[in-house]
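Chains as they are written, first to last, in this note's numbering: chain A, 1 to 404; chain B, 1 to 404.
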């Protein structure tokens with residue numbers, strides 16, 4: 001069926017390819033502001049594990065609705081998401097309703113990490129069976145806009161057989177593999193101690209490498225590992241806000257790009273950011289490298305590539321997304337240049353996008369040619385209802401988790 | 001005269017003391033996006049010097065109008081500003097019209113820094129005479145909302161006698177002294193080579209120290225200098241975006257606070273940021289210390305103090321500004337908590353302000369009890385005219401400077 005031709009006046013605006021965030025946790029949106037100024041290990045044990053374990057189908061749905069609404073209103077048209085152990089179907093239902101392009105997966109954990117709530121680990125078989133079933137239901141749903149990913153949490157929370165099976169399933173289903181890697185020095189040392197090998201090499205040994213694999217963070221990688229990541233065309237997702245806020249460090253992104261690595265950007269979850277704002281991530285990605293490498297490190301144009309083509313690679317959709325071009329899908333952002341912070345015109349528009357633009361400048365958002373945001377209004381769900389229900393669920397969730 | 005009682009519904013909002021930025025350059029707003037990804041020395045010589053020299057009275061007025069509009073719409077109610085050598089009266093006229101609280105001063109330069117446009121240096125006497133005349137005209141104008149500051153650019157561009165005379169004039173006029181210090185390692189080494197003493201000690205020797213003195217940056221200071229800054233109650237202005245973008249470094253703010261230093265925040269100018277957004281500066285100030293010192297370094301509450309009480313000290317107005325309290329002036333920001341990125345409610349509101357809020361959340365802004373922004377609309381000047389005139393002046397300015 002041919003779509004009706006739409007003509008929209010975009011004078012005074014900049015049209016961008018849809019921006020992509022390749023590492024988010026929508027199940028954590030309700031935890032925003034509940035876990036500040038804590039290092040990763042405490043942040044997980046004291047806040048994130050108990051809060052994730054306290055989710056219900058309903059609270060998870062509204063957490064994903066809230067996060068997806070914020071993302072799409074701010075110009076993010078596609079995400080790679082990791083949910084918690086349970087209720088991943090509710091997240092997909094929210095993603096289907098909001099209209100964002102999303103690849104998401106249930107978090108796989110069959111080992112019991114230190115400090116984790118007891119509920120947060122399953123048997124290897126239970127975890128894999130549910131993942132396979134979810135993939136059957138959601139991979140390719142909503143006309144291909146929704147896809148499934150196999151998402152082992154991180155090496156310290158997963159057995160070797162689970163990681164290997166996740167890799168095999170991803171291959172069999174033609175799906176992405178989404179995990180965390182080398183986020184902190186503690187994680188790096190834990191993996192080295194328990195497996196006898198460095199984290200990137202260990203992940204490679206269980207099949208978590210190559211164009212299907214998406215490794216969030218990669219802060220603690222050495223030059224040899226960077227060479228391996230590049231050679232395998234493994235995707236790295238840089239999460240600058242999260243890496244700073246949790247005190248994890250500054251990933252060596254310019255060195256990774258020089259080595260030929262594929263790099264995307266992501267906000268990670270609301271409690272470690274606390275925004276889900278691709279403009280904040282782009283600006284910060286550019287800024288944090290400069291004291292170390294000089295003011296010309298990671299210039300604006302290079303950063304915009306991370307949030308477009310880099311994200312498209314991480315989603316395994318480089319043929320379809322990441323640029324405005326014949327044959328690519330119409331995932332588009334219309335950026336209104338009228339605000340004072342984007343004036344005067346006449347400079348480099350890429351500089352405005354990376355260094356000055358904000359979510360509030362996003363006027364219209366199209367996903368696969370369909371308008372999801374027009375005139376700064378979300379068309380797919382009432383924002384008041386999302387805020388009200390998310391607020392109610394957050395109160396109950398905090399009570400169940402005994403937090404706040 | 002008694003003011004009319006106004007009642008405004010602020011349900012669903014947070015009321016903050018007006019946010020203060022203690023280091024900005026409104027004359028540079030028209031240069032936004034023209035000087036990216038360059039280190040400070042090149043940034044000055046190739047872009048900022050020629051552009052400042054090309055300003056006219058008219059282009060400077062619209063540059064200040066644009067910057068002040070962005071600032072006040074984004075919740076900044078008071079600034080400490082440094083202009084260029086000429087046309088400072090035009091900046092004051094803009095500040096008077098926009099309705100922001102501002103302390104501003106003509107930039108004093110009587111030495112000719114390497115690479116500077118020839119026009120950018122005056123005789124010591126000419127510089128001081130104009131500054132004194134401007135102080136007579138503007139210090140205490142607009143019912144005390146506007147104040148003058150004596151603003152030597154930085155030690156490498158000023159003779160010792162100019163610095164000493166600026167300090168004496170500030171004392172005599174009861175005005176602040178606003179300069180840059182220890183921004184880059186190059187600057188530190190230049191001052192050491194030319195004066196034989198370290199920069200902070202040199203500035204102290206010419207009277208640039210104490211509660212009147214406001215030193216922007218202070219990235220390259222040692223423990224001894226930090227102790228001196230604290231003992232003298234000299235104000236330090238932290239400009240995290242600018243320090244990252246120009247590759248200058250990360251100022252040791254937690255160490256300065258531990259030593260008892262007075263610290264404020266500032267966006268610096270549009271070409272080195274490229275926002276003039278106090279929320280970006282607060283968030284970044286918190287984030288950039290954490291990889292070095294741990295995730296609990298510079299927590300949200302401490303950062304909010306820098307943007308309120310810290311700024312009030314830098315303006316020399318700690319008795320009048322920086323908190324909502326009986327006896328303080330009614331400089332207020334009404335922050336609308338309705339956007340998805342500030343949901344759910346129930347966490348720490350200070351966390352929302354520092355880590356998640358954005359300029360677009362600012363609903364109303366009052367300066368000295370007078371509404372300047374209501375319902376996100378600037379009441380004091382038409383934004384369309386500002387954007388149009390700023391755009392026109394920017395084109396002509398770039399042509400005169402031979403840039404862009």
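All residues carry an ideal CB built from backbone N, CA and C; glycine is no exception. Predicted model only: the values in this text are computed from it and were never measured.
{"query": "Return the residue from the list B:301, B:242, B:299 and B:264 that minimises the CA-CA distance to residue 291 of chain A.", "result": "B:242"}
{"query": "For the candidate residues B:392, B:198 and B:180, whose alpha-carbon lies nearest to that of residue 216 of chain B?", "result": "B:180"}
{"query": "Measuring straight from C-alpha to C-alpha, what distance separates residue 137 of chain A and residue 359 of chain B?", "result": "41 Å"}
{"query": "Would the region 198-218 of chain B and the region 63-77 of chain B be scored as touching if the rule is three or more Cβ pairs under 8 Å?", "result": "no"}
{"query": "With a Cβ-Cβ cutoff of 8 Å, do residue 257 of chain B and residue 237 of chain B count as a contact?", "result": "no"}
{"query": "If you count every other CB in all the chains shown that lies within 10 Å of the CB of residue 24 of chain B, and 16 or more means buried, which is it?", "result": "buried"}
{"query": "For a quick check, are the C-beta atoms of residue 156 of chain B and residue 166 of chain B less than 8 Å apart?", "result": "no"}
{"query": "Can you list the residues of chain B that residue 398 of chain A reaches, using a CB-CB cut of under 8 Å?", "result": "346"}
{"query": "With 7 Å as the C-beta to C-beta threshold (strictly closer), list the residues of the region 65-76 of chain A near chain B in chain order.", "result": "66, 69, 70 and 73"}
{"query": "Using DSSP with H/G/I as helix, E/B as strand and the rest coil, what is residue 18 of chain A?", "result": "coil"}
{"query": "If you draw a straight line from the C-alpha of residue 403 of chain B to the C-alpha of residue 47 of chain B, how long is it?", "result": "8 Å"}
{"query": "Looking at the secondary structure, which residues open and close the alpha helix (DSSP H) in which residue 393 of chain A lies?", "result": "383-401"}
{"query": "Give me, in chain order, the residues of the same chain whose beta-carbon lies closer than 8 Å to that of residue 50 of chain B; leave out the 5 immediate sequence neighbours on both sides.", "result": "117, 401, 402 and 403"}
{"query": "Do residue 135 of chain A and residue 173 of chain A have their CB atoms nearer than 8 Å?", "result": "yes"}
{"query": "Checking 8 Å against the spacing of the C-beta atoms, do residue 262 of chain A and residue 233 of chain A come in under that value?", "result": "yes"}
{"query": "Give the interface partners of residue 288 of chain B over in chain A, defined as CB-CB distance under 7 Å, in chain order.", "result": "244"}
{"query": "DSSP three-state call for residue 246 of chain A: helix, strand or coil?", "result": "coil"}
{"query": "Should residue 349 of chain A and residue 298 of chain A be called a contact, given that it needs their Cβ atoms to be closer than 8 Å?", "result": "no"}
{"query": "Taking the beta strand (DSSP E) that residue 152 of chain A belongs to, which residues open and close that run?", "result": "146-152"}
{"query": "Counting only Cβ pairs nearer than 8 Å, list the residues of chain B close to residue 215 of chain A.", "result": "Result: empty, since nearest Cβ-Cβ is about 19 Å, beyond 8 Å."}
{"query": "At 4 residues or longer, and completely inside the region 80-164 of chain B: list those alpha helix (DSSP H) runs for me, N to C.", "result": "88-98 and 124-138"}
{"query": "I'd like to know if residue 373 of chain B contacts chain A, where contact means its C-beta is closer than 8 Å to some C-beta of that chain.", "result": "no"}
{"query": "How is residue 78 of chain A classed by DSSP in three states: helix, strand or coil?", "result": "strand"}
{"query": "Residue 104 of chain B: which of B:43, B:21 and B:53 sits nearest, CA to CA?", "result": "B:21"}
{"query": "Label residue 268 of chain B either buried or exposed according to how many other C-beta atoms from any shown protein chain fall within 10 Å of its C-beta, with 16 as the threshold for buried.", "result": "buried"}
{"query": "Please report the straight-line C-alpha distance between residue 347 of chain A and residue 393 of chain B, rounded to a whole angstrom.", "result": "13 Å"}
{"query": "Report yes or no: is there a C-beta of chain B within less than 8 Å of the C-beta of residue 21 of chain A?", "result": "no"}
{"query": "Should residue 6 of chain A be labelled buried (16 or more other beta-carbon atoms within 10 Å of its own) or exposed?", "result": "exposed"}
{"query": "Within this structure, are the beta carbons of residue 16 of chain B and residue 284 of chain B separated by less than 8 Å?", "result": "no"}
{"query": "Please classify residue 377 of chain A as buried or exposed, where buried requires at least 16 neighbouring CB atoms within 10 angstroms.", "result": "exposed"}
{"query": "Taking the continuous beta strand (DSSP E) assigned at residue 186 of chain A, which residues delimit it?", "result": "Unbroken run through residue 186 of chain A is the alpha helix (DSSP H), 185-195; no beta strand (DSSP E)."}
{"query": "Span of the beta strand (DSSP E) holding residue 232 of chain A?", "result": "First-last for residue 232 of chain A: 223-232, but that is the alpha helix (DSSP H), not the beta strand (DSSP E)."}
{"query": "Let me know the secondary structure DSSP gives residue 406 of chain B once reduced to three states.", "result": "Outside the displayed span of chain B (1 to 404) sits residue 406 of chain B, for which this structure offers no information."}
{"query": "Could you tell me which residues DSSP pairs with residue 236 of chain B in its beta bridges?", "result": "B:215 and B:263"}
{"query": "Could you tell me whether the region 379-394 of chain A touches the region 96-103 of chain A, where touching means 3 or more Cβ pairs closer than 8 Å?", "result": "yes"}
{"query": "Under three-state DSSP, which class holds residue 354 of chain B?", "result": "helix"}
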